[in-house]
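Each remark here refers to the structure printed beneath this line.
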Amino acid sequence: MVCIFANGRYDERIDLSKCDRIVAVDGGANFLRSKNIVPDVFVGDADSVSEETMEWLKKHGVMMKLFPEEKDEIDLELALQQFESEEKIVFGWQGDRLDMILALFYLLKRFKNTVLESENLTIGYVEGKKVLFARPGEKWSILPLGADAEGVSLRGFKYTLEDAKMPVVKPYGVSNEAVSSEVEIEVKKGGVIFFRWKREPL
Numbered sequence: 454m455v456c457i458f459a460n461g462r463y464d465e466r467i468d469l470s471k472c473d474r475i476v477a478v479d480g481g482a483n484f485l486r487s488k489n490i491v492p493d494v495f496v497g498d499a500d501s502v503s504e505e506t507m508e509w510l511k512k513h514g515v516m517m518k519l520f521p522e523e524k525d526e527i528d529l530e531l532a533l534q535q536f537e538s539e540e541k542i543v544f545g546w547q548g549d550r551l552d553m554i555l556a557l558f559y560l561l562k563r564f565k566n567t568v569l570e571s572e573n574l575t576i577g578y579v580e581g582k583k584v585l586f587a588r589p590g591e592k593w594s595i596l597p598l599g600a601d602a603e604g605v606s607l608r609g610f611k612y613t614l615e616d617a618k619m620p621v622v623k624p625y626g627v628s629n630e631a632v633s634s635e636v637e638i639e640v641k642k643g644g645v646i647f648f649r650w651k652r653e654p655l
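Next comes the structure, spelled out in structure tokens:
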């Protein structure tokens with residue numbers, strides 16, 4: 454599993470037990486330095502990285518993949534491209550830029566083997582069929598992303614669906630509830646984004 458650390462907000466606790474490789478994306482390197490976690494790779498244009506962090510990265514021999522500031526991709530997209538075929542978890546993705554967060558949701562549609570992770574929330578994308586771990590009582594929201602989703606089935610939830618249509622302009626998949634330790638999401642046409650609230654959302 455590739456664990457990617459972006460330049461956003463972080464929780465007090467981060468589980469690194471699944472991480473085979475650690476990737477710092479631009480200012481995410483500042484966070485890793487504050488926790489003395491040395492990444493394997495740095496990706497970005499370094500516009501959000503302190504001089505002290507840059508020296509720390511060089512001192513530890515971190516592989517540097519540097520890009521110009523003016524480009525068509527956001528830094529996190531460049532990092533996802535580097536590890537396109539591998540399973541990925543993104544930490545530190547939350548911030549004040551709602552436009553950037555929306556961009557990340559669309560990147561999930563492209564990099565389907567990626568999840569956005571925080572202490573209380575997991576976000577991922579489903580085309581086809583996927584079985585996911587859950588805890589009974591958790592809040593889940595399942596929404597079409599970009600276009601209508603058709604042939605949608607939701608199993609293991611309080612509110613189930615079988616071969617239903619989820620119009621992008623009618624987001625009725627908000628605030629479902631898991632009723633088993635596994636849930637199944639199936640989509641025959643299009644795709645959906647899921648939000649798994651591991652703690653009660655505000």
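In this text, residue positions in the sequence shown follow the numbering used here: the first is 454, and each later residue adds one. For glycine and all other residues, C-beta sits at the position ideal for the given N, C-alpha and C. Keep in mind the model is a prediction, meaning the values are calculated, not measured.
TODO: Decide if the region 568–585 is in contact with the region 627–646; the criterion is three or more beta carbon pairs, one per stretch, under 8 Å apart.
DONE: Of all C-beta pairs linking the region 568–585 to the region 627–646, three or more are shorter than 8 Å, placing the two stretches in contact.
Subject >> Cβ contact (3+ pairs, closer than 8 Å) linking the region 618–629 and the region 594–604 >> reply: Verdict: yes, contact present.
What are the start and end residues of the beta strand (DSSP E) that includes R608? In the sequence shown, residue 608 corresponds to position 155, counting from 1. Residues A602 to R608.
Self-check item: Contiguous alpha helix (DSSP H) assignments of at least 4 residues, all confined to the region 497–548
Solution: Within the region 497–548, the complete alpha helix (DSSP H) runs of at least 4 residues fall at 504–512 and 528–535.
Can at least three beta-carbon pairs, one atom from the region 565–576 and one from the region 478–493, be found at a separation below 8 Å?
Cβ pair count under 8 Å is below three, so no.
Terminal residues of the alpha helix (DSSP H) in which S594 lies: Here residue 594 is taken as the residue at index 141 of the sequence shown, counted from 1. Unbroken run through S594 is the beta strand (DSSP E), K592 to P597; no alpha helix (DSSP H).
- Have a look at D549, I542, R588 and G548 and flag the residue whose alpha-carbon is nearest the alpha-carbon of L561. Residue numbering aside, residue 561 sits at position 108 when the sequence shown is read from its first letter. Of the listed residues, the one whose Cα sits closest to L561 is I542.
Discussion item. For F403, count the other beta carbons within 10 Å of its own beta carbon; 16 or more makes it buried, fewer makes it exposed. Which is it?
Written reply: Here the chain has residues from 454 to 655 only, and residue 403 is not among them.
| said: Measuring alpha carbon to alpha carbon, tell me which residue in R462, L614 and K511 is nearest R550. | reply: Locating residue 550 in the sequence shown gives position 97, counting from the first residue. The residue with the shortest Cα to Cα distance from R550 is R462.
DSSP state of N483 mapped onto helix, strand, coil: Residue numbering aside, residue 483 sits at position 30 when the sequence shown is read from its first letter. It is helical.
Can you tell me whether I467 is helix, strand or coil according to DSSP?
For the purposes of this step, residue 467 is taken as the residue at position 14 of the sequence shown. The answer is coil: DSSP assigns I467 none of H, G, I, E or B.
May I ask which residues mark the beginning and end of the alpha helix (DSSP H) holding I490?
Working through the sequence shown from its first residue, we reach residue 490 at position 37. Neither: I490 is in no alpha helix (DSSP H) and is coded neither H nor E.
**Message:** I'd like to know whether the C-beta atoms of G643 and S594 end up nearer to each other than 9 Å.
**Reply:** The count along the sequence shown starts at 1 and reaches residue 643 at position 190. The count along the sequence shown starts at 1 and reaches residue 594 at position 141. Note that the C-beta distance between G643 and S594 is not below 9 Å.
What are the boundary residues of the alpha helix (DSSP H) that includes K562? Here residue 562 is taken as the residue at index 109 of the sequence shown, counted from 1. Run containing K562: L551 to R563, per the alpha helix (DSSP H) assignment.
query: Is it true that the region 492–501 meets the region 513–530, where meeting means three or more beta-carbon pairs spaced less than 8 Å apart?
result: Touching, yes, given that three or more Cβ pairs across the two stretches are closer than 8 Å.
- request: Please list, in chain order, all residues of the same chain as R649 whose beta carbon is under 6 Å from its beta carbon, the five residues on each side excluded.
  value: For this step, residue 649 is matched to residue 196 along the sequence shown. So the list reads T575 and W593, once near-sequence residues are dropped.
Helix, strand or coil for T613, going by three-state DSSP, please let me know. As a first step, residue 613 must be located in the sequence shown, where it is residue number 160. Assigned with DSSP and collapsed to three states, T613 falls in coil, not helix or strand.
Beta-carbon proximity of Q663 to V476, cut-off 9 Å: Missing from the structure shown is residue 663; the chain here goes from 454 to 655 and no further.
* Run through DSSP, which three-state label would M619 get? -> Translated into the one-based positions of the sequence shown, residue 619 becomes position 166. In this structure, M619 counts as strand in the three-state DSSP scheme.
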